[in-house]
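Asks: Those letters in the sequence shown? Residues 1 to 518, by the UniProt record's numbering. Using N, Cα and C, we set each Cβ at its ideal position, and we do this for glycine too. This structure is a prediction, so every number in the text was calculated from the model and none was measured.
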Amino acid sequence: MSSQGQAAAPLARGDADDGAGGGTKAAAHFVFVPLNERGHLIPAVDTALLLATHGAVCTIVGPPSTTSKVRQTVESAQQSGLPVRLVDFPLDYAAAGLPEGADYADRIEGTYMMNYYRAVGLLRAPIERYLRAHDPYPTCIIADIFNPWTTELAAGLGVPRLSFFSICAFTILCQHNLERFNAYDGVEDPNAPVVVPGIERKVVVTRAQAPGFLRGIPIPDWVELADYIERARAEADGVVMNTVLEMEPEYVAGYAEARGMNVWTVGPVSLYHHGAATLASRGDSAPAIGAAECLRWLDGKEPGSVVYVSFGSIAQAGPKQLLELALGLEASGHPFIWVVRNAGGYDEAVRGSLAELEARVAGRGLLVRGWAPQAAILSHAAVGGFVSHCGWNSTLEAIAAGLPLVTWPHFTDQFLNEKMAVEVLGIGVSVGVKEPLTFQASNKETLVGRGVVEKAVRDIMGGGEEAERRRQRARELAAKARAAVQEGGSSHANLLDLVKRFGKGAAAAPSDKSSAAS
Ligand code: UDP
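1. Looking only at DSSP bridge pairs, what is Ile142 linked to?
2. Are Ile167 and Leu295 touching if we call contact CB-CB under 9 Å?
3. Quick check on Leu357: does DSSP put it in helix, strand or coil?
4. In angstroms with no decimal places, state the Cα-to-Cα distance between Gly62 and Leu51.
5. Using CA coordinates, which residue listed in Leu173, Ser332, Ala315 and Arg351 is at the minimum distance from Val239?
6. Does the beta-carbon of Asn417 have 16 or more other beta-carbons within 10 angstroms, so that it is buried, or is it exposed?
7. Short of 7 Å in beta carbon distance, which residues of its chain neighbour Lys480, apart from the five on each side in sequence? Order them along the chain.
8. Tell me the residue span of the alpha helix (DSSP H) that contains residue 521.
9. By alpha-carbon positions, which one of Phe165, Ser313, Ala125 and Val269 ends up nearest to Glu152?
10. Taking the continuous beta strand (DSSP E) assigned at Asp88, which residues delimit it?
11. How about Thr66 and Asn36: are their beta carbons less than 9 Å apart?
12. Compute the Euclidean distance between the alpha carbons of Gln374 and Gly275, then round it to the nearest angstrom.
13. Output the distance between the C-alpha atoms of Thr206 and Gly505, rounded to the nearest integer angstrom.
14. If you reduce the DSSP assignment to three classes, tell me which class Thr265 lands in.
15. If I measure Cβ to Cβ from Ser163 and keep anything under 6 Å in the same chain, skipping five residues before and after, which residues do I get?
16. What is the DSSP secondary structure of Thr206, reduced to helix, strand or coil?
17. Check whether the Cβ atoms of Arg282 and Asp88 sit closer than 9 Å, and answer yes or no.
18. How far does the alpha helix (DSSP H) with Thr67 in it reach, from first residue to last?
19. Which same chain residues, not among the five before or five after Gly21, have their C-beta less than 6 Å away from its C-beta?
20. Among Leu225, Gln79 and Thr139, which one has its Cα closest to the Cα of Val120?
21. Among Ser80, Val84, Ala456 and Glu257, which residue has its Cα nearest to the Cα of Ala28?
22. Which value, in whole angstroms, describes the spacing of the CA atoms of Lys500 and Val266?
23. Name the DSSP beta bridge partners of Ile336, please?
24. In chain order, which alpha helix (DSSP H) runs of at least 4 residues are fully inside the region 146 to 196?
25. Quick check: what's the CA-CA separation for Leu498 versus Met241?
26. With burial defined as no fewer than 16 other Cβ atoms inside 10 Å of the residue's Cβ, what is the status of Gly384: buried or exposed?
27. Closer than 8 Å: is that where the CB of Arg282 sits relative to any heavy atom of ligand 1?
28. Counting only beta-carbon separations shorter than 9 Å, does Ala48 have a partner in chain C?
29. Any heavy atom of ligand 1 within a distance shorter than 8 Å of the CB on Trp408?
30. Looking at the unbroken alpha helix (DSSP H) that takes in Met113, where does it start and where does it end?
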């Protein structure tokens, strides 16, 4: 562990100094510049750990609010001998016009959002200074798409830069095609159906559901940032994507071709974690419930009987919706683990109703008020299905665990991810939400009634031919996903290829930018 101005942690595996003062013999040194939203941060760190497992040195940089979320994970990787560093760079609040201490993007008022991104962008110079001063010299930057300023960081260091996406190729290609073929031109109604152009499958979306990448976000000056991000994406030397090639080969190839750059599929990156110990602290070193307690609770349940319910790290149900969901879960009759984000933020009446529900379903339903060790829960044999908001990480974690999904998208890429789960992969049952919610708790009328929740849960968890076929498809996908990260698999090969191509002495940028890697 190190922070700016402090000594870097000693590196382990593969880091013997070459004695020439030029750094280490390790072929590749990837510098990860993640975003602090957990849906971006967690898979980026998993990817860094996977690359380190394959012989690269990895340095993860960010403000303290970012690094603190993954410190425990990185420290445990260091203890197991992986050459990975985590380096803090404090934000300059005043220079960016940001209120002191406002350094969690997920907690900042919309009006300060651009100041936050400005503050993060100001880290370029100190990060570059740090990287120049500490061996080994970087060989490649892997940057979250929300950090477009890394184009200048990479240029300053004279190294290539890859974009990191924890989004599937299907979704990213649909978004790209909707934009590049101007699919919404002349379509006034944001809820009018539009067919995604440029792909063989007929996929129908609306502008409200799929406005294009980072488009339609109601934050002042957002368009400027979205355009900057788009330029950075177009100029990248390639893409590292948390998906499985065999699951969506045509979309991986389609996106690589559309962008004219290599796409390295490396997922599911959550499979980096093997033991409950490292899974437990993934994304938060202080979860609301310990993995051991969750797993003990699950041990007492029949295989495949428990439904896991979570809407990720950002989405939050409005109070009415929360109670309908509660009643639907209760009525389904299935055991459940339900993660209620920001449970303390609801008013007393709602909190009281939740406590009453908890008493009624004691032993059958477990409420987690805060952060849950999700990947550990999903991999337990007692879990048989997942009610999800279709964040891509959650979707892929369900796939890796061989689970069918109840799909309940809220916003951003989630509507397209739902289509991936339901229409492309055939492992999901939709609750039928058609319009996105805002990011914050919504006071809108209930969107999904208790009866719909109950039926959808029964559909994925129950018997019947269709449910069995869905489960079978989920199991087959899990086998593909697991094979991909094992030796000889596509993700495994792509990780090795990255280490080789972006190692010391390798060409500064891949010369062939026209096809999908692997
Ligand atoms: N997650 C978790 N515990 C929680 C909520 C979320 O471990 O209580 C993890 C989840 O496993 C996934 C990530 O946080 O890796 C959420 O990412 P996703 O893309 O699914 O959704 P987002 O939070 O970005 O909406």
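Replies: From the atom records:
1. Phe32 and Leu162, per the DSSP bridge assignment.
2. no
3. helix
4. 19 Å
5. Nearest to Val239 by alpha-carbon distance, out of Leu173, Ser332, Ala315 and Arg351, is Leu173.
6. The residue in question, Asn417, is buried, as its Cβ has 16 or more Cβ neighbours within 10 Å.
7. Excluding residues within five positions, the ones whose Cβ falls inside 7 Å are Val244, Glu246 and Met247.
8. Because the chain here runs from 1 to 518, residue 521 falls outside it and cannot be looked at.
9. Ala125
10. Val84 to Asp88
11. In this structure, Asn36 lies closer than 9 Å to Thr66 by Cβ.
12. 13 Å
13. 47 Å
14. strand
15. Within its own chain, the residues whose Cβ lies closer than 6 Å to the Cβ of Ser163, once the five positions on either side in sequence are excluded, are Ile145, Arg233, Ala236 and Val239, listed in chain order.
16. coil
17. no
18. From DSSP, the alpha helix (DSSP H) with Thr67 extends over Pro64 to Gln79.
19. Low confidence applies here, because Gly21 scores a pLDDT of 33, under 50, leaving its location unreliable; read the following figure in that light. Closer than 6 Å at the Cβ level, and outside the excluded window around Gly21, lies no residue.
20. Leu225
21. Val84
22. 15 Å
23. Checking the displayed sequence, the identity of residue 336 turns out to be Phe instead of Ile. Bridge partners of Phe336: Val307 and Gly365.
24. 150 to 157 and 169 to 180
25. 12 Å
26. The residue in question, Gly384, is buried, as its Cβ has 16 or more Cβ neighbours within 10 Å.
27. The answer is yes for Arg282.
28. In the structure shown, chain C cannot be found, because there is only a single protein chain.
29. no
30. Met113 to Gly121
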